[in-house]
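Chemist: Quick one: the structure is below, and I'll ask about it shortly.
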Amino acid sequence: RMAAAPPSYCFVAFPPCSKDGLVVFGKNSARPRDEVQEVVYFPAADHDPGSKVECTYIEIEQAPKTYAVVLSRPSWLWGAEMGANEHGVCVANEAIVTREPASESEALLGMDLVRLGLERGATAKEALDVIVALLEEHGQGGNYYEDGNSCHSFQSAFLIVDRNEAWILETSGKYWAAEKITEGVKCICNQLSLTTKIDAEHPELRDYVRSQGWWNGDSDFNFSEVFSVGDDHLACCSGRESLEKQGGEVSAQAMINVLRDKDSGVCVDSDSFLTTASIVSVLPQDSSFPCVHYFTGTPDPSRSIFKPFIFVDDVKLVPKVQSPSFGNDDPAKKIPRFQEKPDRRHELYKAHEWARSLLENDQDKGQKLMRIMLDLEKQGLEAMEGILTRTEVLDPAEVVDLFYDCVDTELKFFK
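Reading the sequence shown from the start, the letters are residues 21 to 435 in the numbering used here.
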């Protein structure tokens, strides 16, 4: 039996299911319990012809221009679990298992493709085109975890969203299919979900599955049925119903509530996996308004604060949510890899560990702290709602240190 893929959940809601002409995107990143995620920003950049970029395991050609990105990522790797770029594109990935064994050979990770799509795609469709072209050229493979004892490799699914549309992209090796979404609520989890509605696909996809004997060519082509192991694809994503119940009122707060829900299984806290970080993004369909991206930067969204980030020039960097850098001495960069695990905790993670132990061990103090944290989060949400509903244009100076200040305030509470 192949190892189970970590049970992450990604969501998108479009008007009329969401409020005020906003597209709302969210993801809980389920990863090994002790893994640290950091929140990092990289400014837009121009690159010389012939430049290379060093991804987690392999080096590839760099693009002439890369867009500014903000990423939530396991701090040992190059790519990201989820993030956004300056053009209002959001990408999240899911590790999945298909009947095609995932390659253990080092290639691009699904998480590298998240970052590459964001750095090179100004729309959701452009990001999709970037990801599938790189998949064709370099393949996907390599260890998904920082584990020197065994290789955990998976195939990838992606939710790619912009202000107008979303694409669900599901892959197996270099083969892929994608569905375009422009309305309603969609959830993707660690199983295949595409069926017969396919809006784009690998040109040789159907020939390939026919040659494998997985499809006879007579019945409707159903991607999940063809590629799933057994009946894996039948389980519907939890959480989607609770978003649909909002009836045209899906907001950042509603998405946060869904991501915090442990009973539905969307907020994972099991023996093997924990929701190690979360994101919620609000993308106004009217492009005169800025997109707002909320990150926790800490594990367990039910005990974390979602803090807002807005792209502006010279946005202030936040070292307190960045893990220490080990440069070329990093055990993730040496061969054989992962022979030891350095302490990758950032300042906010360490402070949050203290808060989590208080919440677990001292009910009165814990509840009081949680109330303060949620109040702080509410202030941020209300301030952002103000920005998204007013008529005058946003002054960049107003939000240049927005995320920095929110992290700083959170740290002060923990101290």
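Every residue gets a Cβ at the ideal spot worked out from N, C-alpha and C, and that includes glycine.
If distances are taken between C-alpha atoms only, which option among A115, K39 and E81 comes closest to R51?
Modeler: Nearest C-alpha to R51: A115.
Chemist: Assess, as a yes-or-no matter, whether the segment 127-138 is touched by the segment 90-101 under the definition of 3 or more beta carbon pairs within less than 8 Å.
Modeler: Segments in contact, yes.
Chemist: Would you call D240 buried or exposed, if buried means 16 or more other Cβ atoms sit within 10 Å of its Cβ?
Modeler: Exposed, by the Cβ-count rule.
Chemist: Anyone know if the C-beta pair for E192 and L214 falls short of 9 Å?
Modeler: According to the sequence shown, residue 192 is Ser rather than Glu. Cβ distance not < 9 Å, so S192 and L214 don't count as in contact.
Chemist: Apply the 10 Å Cβ neighbour rule to S345 and answer buried if 16 or more other Cβ atoms are within range, or exposed otherwise.
Modeler: With fewer than 16 Cβ atoms within 10 Å of its Cβ, S345 is classed as exposed.
Chemist: Which of the three DSSP states, helix, strand or coil, is assigned to V205?
Modeler: If DSSP states are grouped into helix, strand and coil, V205 belongs with the strands.
Chemist: In angstroms, rounded to a whole number, what distance separates the CA positions of S123 and E81?
Modeler: Whole-angstrom Cα-Cα distance: 22 Å.
Chemist: Which term fits R21, buried or exposed, when burial requires 16 or more other beta carbons within 10 angstroms of its beta carbon?
Modeler: Because R21 sits at a pLDDT of 40, beneath the cut-off of 50, its placement in the model cannot be relied upon, and the point is left open.
Chemist: When you compare each of G317, V312 and K327 to E373 by their alpha carbons, which one comes out closest?
Modeler: It is G317 whose Cα lies nearest to the Cα of E373.
Chemist: May I ask you to list the residues that DSSP assigns as paired with L294?
Modeler: Partner(s): R51 and D289.
Chemist: From what residue to what residue does the alpha helix (DSSP H) around R260 run?
Modeler: Element bounds for R260: R260 to E264.
Chemist: Going by the beta-carbon positions, is the gap between M404 and V312 smaller than 9 Å?
Modeler: Against a cut-off of 9 Å, the Cβ pair of V312 and M404 comes out as a contact.
Chemist: In the structure shown, what three-state DSSP assignment does F247 receive?
Modeler: Correct three-state label for F247: helix.
Chemist: Is it the case that the segment 176-186 contacts the segment 298-312, given that we only count it when at least three CB pairs across the two stretches are under 8 Å?
Modeler: Result yes; three or more Cβ-Cβ pairs closer than 8 Å.
Chemist: Measuring only the C-alpha atoms, how far is V89 from V338?
Modeler: Distance between the alpha carbons of V89 and V338 is about 14 Å.
Chemist: Measuring only the C-alpha atoms, how far is N236 from Y29?
Modeler: Each residue's Cα considered, the two are about 32 Å apart.
Chemist: For K327, count the other beta carbons within 10 Å of its own beta carbon; 16 or more makes it buried, fewer makes it exposed. Which is it?
Modeler: When all chains shown are included, K327 counts as buried.
Chemist: Nearest-angstrom Cα distance between R387 and S324?
Modeler: Per the sequence presented here, residue 387 reads as Gln, with Arg not at that position. Straight-line Cα distance between these residues: approximately 13 Å.
Chemist: How many Å lie between D320 and V288 at the Cα?
Modeler: Between D320 and V288, the C-alpha separation is close to 8 Å.
Chemist: With DSSP collapsed to three states, give me the class of T318.
Modeler: In this structure, T318 counts as coil in the three-state DSSP scheme.
Chemist: How should P36 be labelled, buried or exposed, when 16 other C-beta atoms within 10 angstroms of its C-beta is the threshold for buried?
Modeler: Burial call: exposed.
Chemist: Using DSSP with H/G/I as helix, E/B as strand and the rest coil, what is F434?
Modeler: Note: F434 maps to helix in three-state DSSP.
Chemist: Given this structure, state the Cα-to-Cα distance separating N105 from D238, to the nearest angstrom.
Modeler: Taking the straight line joining both Cα atoms gives about 42 Å.
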